[in-house]
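Just so you know, we're using my numbering here: the sequence shown kicks off at 255 and counts up by one.
Heads up, the beta-carbon is just placed ideally off N, CA and C, and yes, glycines get one too.
Working notes, beginning with the structure itself.
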Amino acid sequence: MDDLTQPPLPATNPFPAHCLSGAVRQDWTRDEVEALFDLPLPDLIFHAQRIHRQHFDPREVQISTLLSIKTGGCPEDCTYCPQSAHYHTSVKAGRLMDVAAVVDEARAAKAAGASRFCMGAAWRSPKDRDLDHVCAMVERVRALGLETCATLGMLTAEQAARLRNAGLDYYNHNLDTSAEFYGEIISTRTYQDRLDTLECVRAAGVRVCCGGIVGMGEGRRDRVGLIATLASLPAHPESVPINLLVRVEGTPLAAEEAFDPLEFVRTIAVARIAMPASMVRLSAGREDMSEETQALCFLAGANSIFYGPKLLTTPNPKRGRDVELMEKLGLMPMR
Ligand code: SF4
255 MDDLTQPPLP
265 ATNPFPAHCL
275 SGAVRQDWTR
285 DEVEALFDLP
295 LPDLIFHAQR
305 IHRQHFDPRE
315 VQISTLLSIK
325 TGGCPEDCTY
335 CPQSAHYHTS
345 VKAGRLMDVA
355 AVVDEARAAK
365 AAGASRFCMG
375 AAWRSPKDRD
385 LDHVCAMVER
395 VRALGLETCA
405 TLGMLTAEQA
415 ARLRNAGLDY
425 YNHNLDTSAE
435 FYGEIISTRT
445 YQDRLDTLEC
455 VRAAGVRVCC
465 GGIVGMGEGR
475 RDRVGLIATL
485 ASLPAHPESV
495 PINLLVRVEG
505 TPLAAEEAFD
515 PLEFVRTIAV
525 ARIAMPASMV
535 RLSAGREDMS
545 EETQALCFLA
555 GANSIFYGPK
565 LLTTPNPKRG
575 RDVELMEKLG
585 LMPMR
């Protein structure tokens, strides 16, 4: 019988075997990532699943819950975001939540099966007095036995160190798309600003959660650029959220065309192969995804989801629906 753990490369595959070895490497080129995207879908999913199994138990899915601790009124102009003050959406700006209220939400998330609790604030960057409150939240959420994650905008090295000292496990800061397409999506900060914050987070010893959004009108070359950039950072992000654009009324991307689900699956598979030891997270956009698309994403190497009825301000599948899907697929929460 053939050894299915080491299949021969398909005859159509022109690129070097090291791309499909499952080894963690930071020297990915755009051409290599593009060649992965170009593989026939069955080959791509086969290799993604094979590599996934080298690093993870394929039945386990890491569960995160995301809470908006400060909603709306953001000075940034991200064209996908209903929390930007530049656009007229149904999101109402609120103040930073009380520490005790955040801890209550974290306790409920843990009871519902989450192992990581992410706190998101709609800021360009946190003010130092706000960071005092966020550090208190991090300390108390961590004391519940949850991993902690925050997404607060751009950080200085000092702010990243303060969060690390409070016990922050992960910091989320997405690159969103390729460097070339970034200016089409956001004008109030640069790609380099994002990379600088990622460097501060890494230098502080906080693990990195960094991914992007597909379906914003970018081309495949931009998805290639995003993944090639992530996979050639000095260390791969430990978590790689891949979001599908949620087209929110009032934002400039509200009328964007629906994105091809199979291209979304390809993006997940390429992320899995290029960053084989990272958690690849199915993030925003699951509410509108069929069970079949989500199943293909798990097959392509996704092994993390956001769980709970809301993702910051946009809808997410109800908990019961996720439990049912995981049961149907024979998946279980990662311990
Ligand atoms: S994505 Fe974040 S930074 Fe951009 S507008 Fe929304 S809350 Fe602000």
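- Across the structure, C464 and T283 are spaced so that their CA atoms are roughly 19 Å apart.
- Under the 8 Å Cβ criterion, the stretch 384-396 does not count as touching the stretch 338-346, having fewer than three qualifying pairs.
- Assigned with DSSP and collapsed to three states, D352 falls in coil, not helix or strand.
- Under the DSSP definition of a beta bridge, E401 partners with R370.
- In the displayed model, C273 falls within a helix according to three-state DSSP.
- CA-CA distance, T451 to L406, rounds to 11 Å.
- Using a C-beta cut-off of 8 Å, the stretch 531-539 makes contact with the stretch 453-470, since at least three inter-stretch Cβ pairs fall below that distance.
- For P530, the CB contacts under 8 Å within the same chain, skipping 5 residues up- and downstream, are G276, A277, V278, I305, H306, Q308 and H309 in chain order.
- Around D423, the same chain offers R370, R396, E401, T402, C403, V460 and R461 as residues with beta carbons nearer than 8 Å, after the five sequence neighbours per side are excluded.
- Three or more beta-carbon pairs separated by less than 8 Å link the stretch 367-383 to the stretch 308-326, which places the two stretches in contact.
- For the 8 Å CB-CB criterion, G326 and A347 form a contact.
- Annotation: E511 to L398 spans about 42 Å, alpha carbon to alpha carbon.
- Here K324 really is in contact with A375; their C-beta atoms are around 4 Å apart, less than 8 Å.
- For V534, the three-state secondary structure derived from DSSP is strand.
- Taking the CA atoms as reference points, A289 sits about 23 Å from Y436.
- Contact between I439 and T333 holds: their C-beta atoms lie close to 5 Å from each other, under 8 Å.
- The beta carbon of C464 sits no closer than 7 Å to any heavy atom of the ligand SF4.
- For V287 against V478, the beta-carbon gap comes to about 5 Å, under 8 Å, which counts as contact.
- Our two residues, D285 and S486, have alpha carbons roughly 13 Å apart in a direct line.
- Contact residues of the ligand SF4 (beta-carbon closer than 6 Å to any heavy atom; chain order) are C328, E330, C332, C335, Q337, S338, A376 and G407.
- With respect to the C-alpha of N497, the residue from T505, P488, L417 and N428 having the closest C-alpha is N428.
- Per DSSP, the continuous alpha helix (DSSP H) segment holding N419 begins and ends at A411 to A420.
- In this structure, the alpha-carbon of R456 lies about 18 Å from that of C372.
- As for any beta strand (DSSP E) of minimum length 3 sitting wholly inside the stretch 272-333, the runs are 314-324, ordered along the chain.
- Assigned with DSSP and collapsed to three states, Y425 falls in strand.
- According to DSSP, A375 shares a beta bridge with K324.
- The beta carbon of Q303 sits closer than 8 Å to the beta carbons of P312, L553, A554 and G555 from its chain, once the five residues preceding and following it are set aside; these are given in chain order.
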